[in-house]
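A quick write-up on the structure given underneath.
There are 2 protein chains.
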Amino acid sequence: VTLPDVDTPALLLDADALGRNIARMRDLVAGSGLALRPHAKTHKTPRIALMQLAAGAAGICCSKLAEAEVMVGGGIMDILITTPVVGASKIARLMRLAHTAGIRVVVDDAVGIDALGDAAAAAKVSLDVLIEVDVGQARCGVPPGQTAADLAGRIGRHRALRFAGLQGYNGALQGVAAFEERAARVRASLDLLLETAGLVRKRGIEVATLTGGGTGSSAIDLELRGLTELQPGSYVVMDASYAKVRDRGADALPFERALGVLATVVSRPAPDRCVVDVGWKSVSVDSGPPLVAGHPDLMFEFAGDEHGKLRSTAGAVQLRPGDRIELIPAHCDTTINLYDAYTVMRDGRVEGLWPIEARGRTQ
Amino acid sequence: VTLPDVDTPALLLDADALGRNIARMRDLVAGSGLALRPHAKTHKTPRIALMQLAAGAAGICCSKLAEAEVMVGGGIMDILITTPVVGASKIARLMRLAHTAGIRVVVDDAVGIDALGDAAAAAKVSLDVLIEVDVGQARCGVPPGQTAADLAGRIGRHRALRFAGLQGYNGALQGVAAFEERAARVRASLDLLLETAGLVRKRGIEVATLTGGGTGSSAIDLELRGLTELQPGSYVVMDASYAKVRDRGADALPFERALGVLATVVSRPAPDRCVVDVGWKSVSVDSGPPLVAGHPDLMFEFAGDEHGKLRSTAGAVQLRPGDRIELIPAHCDTTINLYDAYTVMRDGRVEGLWPIEARGRTQ
Numbered sequence: 001v002t003l004p005d006v007d008t009p010a011l012l013l014d015a016d017a018l019g020r021n022i023a024r025m026r027d028l029v030a031g032s033g034l035a036l037r038p039h040a041k042t043h044k045t046p047r048i049a050l051m052q053l054a055a056g057a058a059g060i061c062c063s064k065l066a067e068a069e070v071m072v073g074g075g076i077m078d079i080l081i082t083t084p085v086v087g088a089s090k091i092a093r094l095m096r097l098a099h100t101a102g103i104r105v106v107v108d109d110a111v112g113i114d115a116l117g118d119a120a121a122a123a124k125v126s127l128d129v130l131i132e133v134d135v136g137q138a139r140c141g142v143p144p145g146q147t148a149a150d151l152a153g154r155i156g157r158h159r160a161l162r163f164a165g166l167q168g169y170n171g172a173l174q175g176v177a178a179f180e181e182r183a184a185r186v187r188a189s190l191d192l193l194l195e196t197a198g199l200v201r202k203r204g205i206e207v208a209t210l211t212g213g214g215t216g217s218s219a220i221d222l223e224l225r226g227l228t229e230l231q232p233g234s235y236v237v238m239d240a241s242y243a244k245v246r247d248r249g250a251d252a253l254p255f256e257r258a259l260g261v262l263a264t265v266v267s268r269p270a271p272d273r274c275v276v277d278v279g280w281k282s283v284s285v286d287s288g289p290p291l292v293a294g295h296p297d298l299m300f301e302f303a304g305d306e307h308g309k310l311r312s313t314a315g316a317v318q319l320r321p322g323d324r325i326e327l328i329p330a331h332c333d334t335t336i337n338l339y340d341a342y343t344v345m346r347d348g349r350v351e352g353l354w355p356i357e358a359r360g361r362t363q
Numbered sequence: 364v365t366l367p368d369v370d371t372p373a374l375l376l377d378a379d380a381l382g383r384n385i386a387r388m389r390d391l392v393a394g395s396g397l398a399l400r401p402h403a404k405t406h407k408t409p410r411i412a413l414m415q416l417a418a419g420a421a422g423i424c425c426s427k428l429a430e431a432e433v434m435v436g437g438g439i440m441d442i443l444i445t446t447p448v449v450g451a452s453k454i455a456r457l458m459r460l461a462h463t464a465g466i467r468v469v470v471d472d473a474v475g476i477d478a479l480g481d482a483a484a485a486a487k488v489s490l491d492v493l494i495e496v497d498v499g500q501a502r503c504g505v506p507p508g509q510t511a512a513d514l515a516g517r518i519g520r521h522r523a524l525r526f527a528g529l530q531g532y533n534g535a536l537q538g539v540a541a542f543e544e545r546a547a548r549v550r551a552s553l554d555l556l557l558e559t560a561g562l563v564r565k566r567g568i569e570v571a572t573l574t575g576g577g578t579g580s581s582a583i584d585l586e587l588r589g590l591t592e593l594q595p596g597s598y599v600v601m602d603a604s605y606a607k608v609r610d611r612g613a614d615a616l617p618f619e620r621a622l623g624v625l626a627t628v629v630s631r632p633a634p635d636r637c638v639v640d641v642g643w644k645s646v647s648v649d650s651g652p653p654l655v656a657g658h659p660d661l662m663f664e665f666a667g668d669e670h671g672k673l674r675s676t677a678g679a680v681q682l683r684p685g686d687r688i689e690l691i692p693a694h695c696d697t698t699i700n701l702y703d704a705y706t707v708m709r710d711g712r713v714e715g716l717w718p719i720e721a722r723g724r725t726q
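From first to last, the protein sequence lines are chains R and D.
The first sequence begins at 1 in my numbering and counts up one residue at a time.
The second sequence begins at 364 in my numbering and counts up one residue at a time.
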């Protein structure tokens with residue numbers, strides 16, 4: 001199979017670049033004393049999670065219970081679910097999963113702790129629980145301060161629960177392009193988490209794990225050495241948004257683009273535009289339009305479910321129907337979640353399809 | 364199974380409302396002389412397409428060849444593919460499909476016509492071809508005027524092709540809220556299509572089908588009687604965007620909401636907000652945030668892949684973790700495309716799951 005034989009839209013994954021990204025993150029973290037727990041919500045594929053584990057990751061993160069179920073089915077045995085698991089039916093599923101694999105969960109209120117504690121006792125499982133602290137994202141989590149210490153104590157009173165530490169993730173600052181601004185904000189978030197951890201420890205409660213961070217903050221988190229565990233996701237494949245994020249010295253982050261959406265020109269109705277077979281159903285829109293690889297003069301405009309328009313800033317569009325282009329998604333996670341499989345490239349050739357087994361597993 | 368047992372996020376489909384919408388469109392079109400060819404890109408489900416056919420639809424539309432393959436697999440035998448089919452591999456698939464079912468395709472250039480004509484001759488199939496005319500959308504399609512007549516002549520010179528008519532779809536005006544403004548723009552687009560059809564007929568070429576229209580323009584198209592065939596999609600389930608579109612006399616369109624996304628509150632970290640388990644991976648963002656059914660005071664804000672924040676315009680948020688709410692997607696098509704199945708409700712009870720078999724079928 002060669003590339004012209006791949007029907008479009010196709011989600012291309014460069015296995016060579018993927019492997020290099022996984023190796024680079026391993027090398028960055030090596031010797032730091034921090035554990036690496038990559039976030040599988042990005043790739044949603046047990047096969048890639050196993051590659052990360054083979055490169056020294058301590059375990060993985062999942063966003064949702066259903067994602068974790070797929071990962072356990074794929075042989076991954078150490079998973080942190082990074083959003084609250086709420087409701088009787090889901091807690092029952094969580095207990096079934098905890099019988100099979102090592103599962104850690106986050107909570108941010110007393111009712112949630114008691115529900116988990118009672119269910120774990122009834123199911124005779126021991127569950128590691130982390131308290132989520134809101135370190136600036138204004139999403140889930142208790143505010144920094146004594147509330148976390150109170151909840152840690154409450155976890156300790158449930159025999160089937162073990163208080164494992166704190167999660168403090170600030171997604172909003174991962175994408176701050178300028179290194180120094182991002183570093184300052186990462187430090188401020190970390191200070192809130194460390195202060196809170198100190199309050200918990202003052203009660204004589206061990207705080208084994210401080211987990212958080214992402215692709216944008218990894219280098220900073222490794223320097224600061226406040227977290228015990230990193231949760232980066234996007235570094236495995238990267239996207240157009242992270243391509244704008246600068247490392248120290250204004251370099252690009254040390255990860256390569258491994259992802260693209262192959263598109264076909266299906267119409268060229270006027271000299272100033274052509275139309276490709278990719279719209280909202282084939283590349284995600286949440287973080288803006290994709291870029292056109294190798295064509296900096298071409299701007300992509302969404303034009304419905306199944307259409308995108310390419311306009312040129314440099315005169316007439318030279319593409320013709322049947323021509324192929326590769327789009328660089330603005331956001332990797334949500335684009336991957338639109339596809340059932342990666343079309344995997346190695347050495348410039350199509351190697352085959354890798355099913356995205358946790359695609360759509362949001363429950 | 365009762366609703367509290369449904370894990371969230373879940374895509375709810377009210378089968379009663381769905382059935383009423385299908386019946387209402389049948390009644391609207393009945394006696395008009397126009398054919399109804401609903402667009403299956405909205406629901407992506409052969410079972411629903413069969414309900415539409417049972418209610419008198421002449422056939423269905425699909426956006427993509429892969430969608431049509433799923434529909435033929437589900438027993439639908441008359442399909443118009445509304446975007447160009449380009450490239451040798453796809454044309455080969457098209458020919459295989461045309462051996463099994465009645466497939467019509469659109470083209471907008473001479474190269475595309477010759478590729479289809481040569482392939483159809485080689486495959487010994489007879490293919491109905493429509494020319495897409497750009498009636499104001501500035502997407503695919505030849506400009507109104509003589510080009511369409513030239514291309515119709517070219518289609519006629521291929522023995523394996525039959526020129527079946529013109530497609531003129533203007534998606535941009537479907538969502539114009541004010542009836543009179545929308546009606547004026549529908550008339551203007553239709554005039555361009557009729558003028559072009561006149562030029563084709565002047566060459567002695569029959570123009571059997573003039574196809575187009577959508578949920579927003581259906582009533583207007585039925586009054587104008589210029590089209591021979593309507594392509595509405597969203598009316599089967601509706602969404603928050605179409606809920607704003609007015610009918611004559613400023614009434615709502617005569618279709619009901621049959622779709623929702625069931626969400627669970629997973630955190631209530633502050634009096635002014637709570638967090639639900641629905642983000643970009645569970646409800647589409649292309650047309651704006653969803654509404655919260657029954658809670659006009661609650662505003663949904665996207666907060667990442669798997670989180671949404673609800674804020675109240677009327678003081679503290681009264682919801683607590685574990686509470687369920689139903690979101691009304693801003694755009695039905697792209698939200699449905701995120702799910703593998705509908706959770707089908709009938710008489711207020713969960714009837715079961717209907718697989719969304721063409722989900723993700725963008726090739």
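Glycine is no exception: its CB is placed at the ideal position from the N, C-alpha and C atoms.
Between E720 of chain D and G437 of chain D, the gap from beta carbon to beta carbon is short of 8 angstroms. With respect to the C-alpha of T211 of chain R, the residue from R:V275, R:V245 and R:A164 having the closest C-alpha is R:A164. With respect to the C-alpha of H99 of chain R, the residue from R:S126, R:A54 and R:T83 having the closest C-alpha is R:S126. CA-CA distance, H307 of chain R to T725 of chain D, rounds to 11 angstroms. Here C425 of chain D really is in contact with A431 of chain D; their C-beta atoms are around 4 angstroms apart, less than 8 angstroms.
For K244 of chain R and G538 of chain D, the gap between their C-alpha atoms comes out near 35 angstroms. By the Cβ-count criterion, A515 of chain D is buried, with 16 or more other Cβ atoms from all chains shown falling within 10 Å of its own Cβ. Burial check for K44 of chain R: the Cβ neighbour count within 10 Å reaches 16 or more, so the residue is buried. Among the bridge pairs identified by DSSP, K672 of chain D is matched with D:V638 and D:E664. Taking a C-beta distance under 8 angstroms as the contact criterion, L375 of chain D and G623 of chain D qualify as a contact pair.
Straight-line spacing of the CA atoms in P447 of chain D and D272 of chain R works out to 19 angstroms. A residue is called buried when at least 16 other Cβ atoms come within 10 angstroms of its Cβ; P367 of chain D does not meet this threshold and is exposed.
Taken in chain order, the members of the region 262-273 of chain R whose beta-carbon sits within less than 9 angstroms of a beta-carbon on chain D are T264, V265, V266, S267, R268, P269, A270 and R273. In the structure shown, S63 of chain R adopts coil according to DSSP, grouped into three states.
At a cut-off of 8 angstroms between beta carbons, G87 of chain R contacts chain D. Closer than 8 angstroms to the CB of W643 of chain D there is at least one CB belonging to chain R. When Cβ pairs closer than 8 angstroms are counted between the two stretches, the region 676-695 of chain D is seen not to touch the region 289-296 of chain R, the count staying below three. With its beta carbon at least 8 angstroms from every one in chain D, P289 of chain R lies outside the interface. By the Cβ neighbour-count rule, K487 of chain D is exposed, with fewer than 16 other Cβ atoms within 10 Å of its own.
Inclusion of P632 of chain D and G141 of chain R in the CB contact set at 8 angstroms is warranted, their separation being smaller than that value. The three-state secondary structure of Q509 of chain D, taken from DSSP, is helix.
At least one C-beta of chain R is nearer than 8 angstroms to the C-beta of R502 of chain D.
At least one beta carbon of chain D lies nearer than 8 angstroms to the beta carbon of N337 of chain R. Looking at the backbone, the Cα of R525 of chain D and that of A615 of chain D are separated by about 40 angstroms. For D703 of chain D, the nearest beta carbon of chain R is closer than 8 angstroms to its own beta carbon. Restricted to the region 228-296 of chain R, the beta strand (DSSP E) segments that are unbroken, complete and at least 3 residues in length are 259-270 and 273-276, listed in chain order.
In the three-state scheme derived from DSSP, where H, G and I count as helix and E and B as strand, L416 of chain D is classed as helix.
Taking a Cβ-Cβ threshold of 9 angstroms, none of the residues of chain R is close to V468 of chain D; the smallest such distance is about 12 angstroms. In the DSSP assignment, I442 of chain D forms a beta bridge with D:I423 and D:I466. Around the CB of K453 of chain D, 16 or more other CB atoms lie within 10 Å, so the residue is classed as buried. With the rule of 3 Cβ pairs closer than 8 angstroms, the region 128-136 of chain R counts as touching the region 183-195 of chain R. Taking 9 angstroms as the cut-off between beta carbons, none of the residues of the region 197-217 of chain R comes near chain D.
When DSSP reads this structure, Q167 of chain R sits in a beta bridge with R:E132 and R:T211. At least one C-beta of chain D is nearer than 8 angstroms to the C-beta of V285 of chain R. Burial check for R517 of chain D: the Cβ neighbour count within 10 Å reaches 16 or more, so the residue is buried. Out of D:G531, D:K404 and D:A541, the CA that lies nearest to the CA of G612 of chain D is found in D:A541.
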